[in-house]
Amino acid sequence: MTDRERDAAMERLLRRTLAAEDEVPGSDCLDVETLAAWSDDALTVAERSSAEAHAAGCARCQAALAAMVRTTAPTADSGTGARSLIHRWAAWLVPAMAAATAIALWIAVDRTSVVQTPVVQAPAAPAPAPTGSVAREIPPTAGPAEMPTRSIELEKQAADKEQRVNRSTRAERGREGALAGAAADRLPTTLADARQNERKDEERERLGARAANAAAAKAAERDAQTRPATPPPPPVSPSAEAPPPRVQAEPQATPPVQTTPPVQQAPPPAPQQQTGQVAETVALRSRQSTAAAGRADSADQVARRAEGMQFATATLDITIPGSSIRWRVVGSNELLRSADGGTTWQKQAIEIAAPITAGAAPSPTVCWLVGRSGIVLLTTDGATWRRVAFPEAVDLSTIAASDARNARVTAVDRRTFVTTDGGQTWTRR
Amino acid sequence: MQQYEGGDRRQYEQRIQIAEDLAVHAALALPLRSPDAHCTIEAIPWSAGLVSAQPQTADRIGPDLVTRLYERAGASRWSLAEPAFRAALNRSAAKALPAEVRGSRALERYLESLHLEDLALACACEAGIESAWDHFVLEYRHVLYRAADALEPGGGAREIADGIYADLFGLQERDGDRRSLFRYFHGRSRLATWLRAVLAQRHVDRIRSDRRITALAADDEGSPALVSPAAPDPDRPRYLALVKVALLRAVACLPDRDRLRLGCYYRQDLTLAQTSRILGEHEATVSRQLARSRKQIRSEVERYLRAEQGFNDAEIARCFESTMDDPGPLDLGQILGGGSIRKESEPERSR
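Just so you know, the sequences run in chain order A and B.
For my numbering, count along the first sequence from 1 and bump the result up by 14.
For my numbering, count along the second sequence from 1 and bump the result up by 296.
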């Protein structure tokens with residue numbers, strides 16, 4: 015057993031053992047005021063030390079702290095001191111640099127490149143969702159006559175306000191929640207994975223900010239222009255010489271656009287070559303909803319589109335380090351393959367029954383795809399695909415594979431399934 | 297309720313209020329943190345028995361300070377009476393500061409550190425001022441519901457949020473007075489944070505009271521079967537138990553902060569970012585400290601197996617290998633034939 019394997023075994027054991035141990039809470043559990051003051055960083059040093067000493071051995075208080083932090087947005091002004099000076103500094107510097115870069119690209123670059131969507135996440139983990147029952151009335155424990163007479167009107171006003179808040183902050187929360195949700199989704203089995211996840215989060219945040227600012231710049235420019243409304247372009251044809259994965263061009267814009275290699279929003283994690291076992295390539299889901307559906311751009315405008323502009327569909331890129339082979343899932347039912355690093359794409363003959371959330375390509379001819387409802391797809395020759403049976407119809411969030419036989423799949427509920435025979439049998443870990 | 301005999305009415309009312317506070321704390325599953333709560337309860341429930349107590353909410357704040365804080369809080373916006381605001385300040389000071397701290401700079405610093413606007417709003421809502429309640433509903437209703445949705449996206453926690461909402465309004469009455477949950481907000485944190493804390497604690501308590509042991513799902517027909525691991529080594533359960541015992545001993549010896557960090561990350565399944573927010577550390581620090589703790593635990597486990605169990609390197613390796621497979625429920629006491637190091641685990645407990 016290698017040192018690394020022993021570390022992994024210890025980590026696994028820590029998780030199981032600590033989760034199973036549940037001490038009976040003492041009589042001095044943290045009260046609500048202490049929990050709230052802790053969250054707002056309002057405890058004195060002595061109080062904080064005392065609270066930590068208690069919480070260190072009290073599962074109930076730890077659970078309460080965990081529940082508190084789960085109800086807090088990652089970048090909410092919770093008053094904690096967790097954000098370092100670097101983060102505060104980066105909070106304004108990154109968007110400023112992103113905006114400057116986008117403007118410089120817009121002015122200087124005249125290309126017909128295929129744009130790439132910035133990566134956000136595969137939000138498999140639950141995230142704070144806007145209420146679907148906005149009109150829900152609070153059931154009074156006593157008779158309705160005891161509630162304020164304006165309660166219904168207030169409820170409606172509150173619901174309207176909540177909807178406005180949700181709409182105006184959804185994009186920002188989505189980005190924030192993406193980081194938290196993606197982090198929550200990816201339950202790292204090792205701290206090395208955790209560090210990789212941190213790097214991915216930071217990269218995602220930078221590129222997301224850049225994308226947002228570029229989109230804003232584009233929207234501002236479009237507002238000053240008049241465009242004829244045209245239907246969206248037809249999907250990519252396998253016979254196209256250089257079919258861009260996402261095109262919003264007028265139908266008469268026939269000359270094939272020159273593409274540049276798509277920008278990688280987040281580099282895939284480096285293969286763990288030490289053991290030769292670790293599978294690789296967790297692809298990242300990117301999604302950008304277009305706010306200008308129906309409005310078409312000229313071929314020139316499409317060509318000048320910078321990173322992070324609007325897209326009509328969601329895409330998933332699966333790359334192989336050191337190889338020009340890559341796959342791309344477009345929307346929910348289209349799979350493309352490129353042999354030249356993304357310059358040209360060929361459509362794959364495959365019927366995708368459910369949305370794909372992740373993929374792994376351990377070699378140029380082997381690619382695994384996983385998605386919702388337990389869908390697992392596999393190709394071993396780079397062209398023909400087959401669906402691999404999976405024991406449960408559960409949404410799958412990540413996959414890591416070392417070859418066509420060995421793969422590890424993680425579901426949204428953080429359960430892990432492993433196969434060593436190409437998906438014929440699965441073992442839950 | 298027995299009548300208070302002797303003393304002035306003010307002391308009597310204060311002691312009644314203490315009894316109410318304690319009873320509400322019990323009802324809301326909010327145990328008192330400080331053992332020196334300056335009171336003892338002779339009989340519960342609060343509707344009976346006499347409470348012997350030291351005065352808790354004596355006025356320790358000068359009138360000038362109260363006026364200044366009242367203005368800073370913007371309490372006049374809600375037409376909140378200054379005496380009511382002063383009483384809230386006194387309650388807050390009484391809870392946070394020792395009784396002997398009176399009229400001192402520490403008291404003034406403490407009061408000025410409070411979230412005064414939120415405290416004024418809470419006071420006004422407790423007093424039943426309609427404009428304050430309207431404002432609270434508009435500004436904080438979505439806070440509660442969003443927090444509830446974050447805890448249970450399916451909406452399961454909304455019931456708790458509704459209960460809190462009703463308790464805040466004070467649907468229960470006693471002797472003609474509404475009892476509002478706002479009374480227990482003392483301004484040390486923001487009102488939104490306090491609301492989330494109430495929700496979080498009730499949510500946790502509900503989960504703990506409803507917790508059941510769930511077994512791993514059996515194989516389904518028609519789908520690829522989950523392949524059970526190969527027949528385990530007969531020594532594996534014992535190896536696994538020894539490793540667990542060693543691990544628990546090692547964890548128990550760690551400093552409080554390390555144990556809290558481990559608990560947040562491994563027991564509560566929080567991410568590094570979430571753990572860092574609880575501990576007030578940078579994520580990289582959390583990651584590094586977890587790695588250090590894990591290394592320390594592993595060293596201690598190996599030392600225990602080598603020194604106290606007499607295992608050699610090969611046997612230690614087998615012990616770690618035994619943790620690779622999921623052993624299912626494990627009764628450490630039965631396997632080891634003795635008491636566990638920590639409290640006895642419940643039989644057949646599984647995650």
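C-beta: ideal position from N, C-alpha, C; glycine also.
Chain B within 8 Å of residue i, Cβ atoms only
i, result
"A:Ser411", "no"
"A:Ala73", "yes"
"A:Val408", "no"
"A:Thr371", "no"
"A:Arg299", "Model confidence at A:Arg299 stands at a pLDDT of 45, short of 50, so the residue's coordinates are unreliable; what they give is reported in the following sentence. Closer than 8 Å: no."
"A:Asp354", "no"
"A:Ser377", "no"
"A:Gln362", "no"
"A:Glu47", "yes"
"A:Glu455", "In the structure as shown, chain A starts at 15 and stops at 443, and residue 455 of chain A therefore has no counterpart that could be examined."
"A:Asp54", "yes"
"A:Ala421", "no"
"A:Thr430", "no"
"A:Arg20", "yes"
"A:Ala118", "no"
"A:Ala77", "yes"
In DSSP terms, what residue i is bridged to
i, result
"A:Leu410", "A:Ala425"
"A:Phe431", "A:Val423 and A:Arg442"
"A:Gln360", "A:Arg351"
"A:Ala374", "A:Trp382"
"A:Ile332", "A:Trp341"
"A:Leu391", "A:Leu383 and A:Arg401"
"A:Ala368", "According to DSSP, which records beta bridges pairwise, A:Ala368 is partnered with nothing at all."
Residue-level contact to chain A via CB, residue i, 8 Å cutoff
i, result
"B:Ser476", "no"
"B:Gly452", "no"
"B:Ile340", "In this predicted model, B:Ile340 has a pLDDT of only 33, less than 50, meaning its place in the structure is not dependable enough to derive any value."
"B:Cys560", "yes"
"B:Gln605", "no"
"B:Thr489", "yes"
"B:Arg532", "no"
"B:Val362", "no"
"B:Leu328", "Residue confidence for B:Leu328 is low, a pLDDT of 41 falling below 50, so the modelled location carries little weight and cannot support an answer."
"B:Ala416", "no"
Distance CB(residue i)-CB(residue j) smaller than 8 Å
i, j, result
"B:Gln585", "B:Arg557", "yes"
"B:Leu477", "B:Ile460", "yes"
"A:Ala367", "A:Ser411", "no"
"A:Arg386", "A:Pro369", "yes"
"B:Ile503", "A:Met24", "no"
"A:Asp413", "A:Arg401", "In the sequence as displayed, the identity of residue 413 of chain A is Ile instead of Asp. Contact: no."
"A:Ala403", "A:Ala374", "no"
"B:Cys421", "B:Ala380", "no"
"A:Val380", "A:Thr393", "yes"
"B:Val494", "A:Ala77", "no"
"A:Cys43", "A:Arg74", "yes"
"B:Ala488", "A:Arg84", "no"
"A:Ser53", "A:Met82", "yes"
"B:Ala569", "B:Glu579", "yes"
Contacts that residue i makes with chain A (C-beta to C-beta distance below 9 Å)
i, result
"B:Glu422", "Simply none; closest approach about 14 Å."
Residues that residue i contacts on chain B, provided the C-beta gap is smaller than 7 Å
i, result
"A:Ala368", "Neighbours of A:Ala368 on chain B: none; closest Cβ ~16 Å, over 7 Å."
"A:Thr31", "Lys540, Leu543 and Leu544"
"A:Ala415", "Going along chain B, no residue has its Cβ under 7 Å from A:Ala415, so there is no contact; the nearest lies around 17 Å."
"A:Arg26", "Thr619"
"A:Glu66", "Asp552, Arg553 and Leu556"
"A:Ala51", "Arg484 and Ser485"
Cross-chain neighbours of residue i in chain A, by beta carbon under 8 Å
i, result
"B:Glu617", "Met15 and Ala23"
Partners in chain B for residue i, counting only beta-carbon separations shorter than 8 Å
i, result
"A:Glu365", "Going along chain B, no residue has its Cβ under 8 Å from A:Glu365, so there is no contact; the nearest lies around 20 Å."
Check: residue i C-beta below 7 Å from any heavy atom of the ligand NAD
i, result
"B:Glu611", "Ligands are entirely absent from the displayed structure, and the ligand NAD is therefore not among its contents."
Contacts that residue i makes with chain A (C-beta to C-beta distance below 7 Å)
i, result
"B:Ala369", "Correct list: empty, because the minimum Cβ distance to chain A is about 17 Å."
"B:Ser427", "The contacting residues do not exist; B:Ser427 stays about 11 Å from chain A at best."
Within chain B, the residues that residue i reaches when beta carbons sit closer than 9 Å
i, result
"A:Ala70", "Leu550, Pro551, Asp552, Arg553, Asp554, Arg555, Leu556, Arg557, Leu558 and Gly559"
Segments of 4+ residues assigned as alpha helix (DSSP H) that fall wholly inside the stretch 578–610 of chain B = You should have 579–599.
* Anything in the stretch 376–393 of chain B with a Cβ closer than 8 Å to a Cβ of chain D? List those residues in chain order, please. => The chain labelled as chain D is not found among the protein chains of the depicted structure, namely A and B.
What ranges does the alpha helix (DSSP H) occupy inside the stretch 389–414 of chain B, keeping only unbroken runs of at least 4 residues that lie completely in it?
Segments of the alpha helix (DSSP H) lying fully in the stretch 389–414 of chain B: 401–408.
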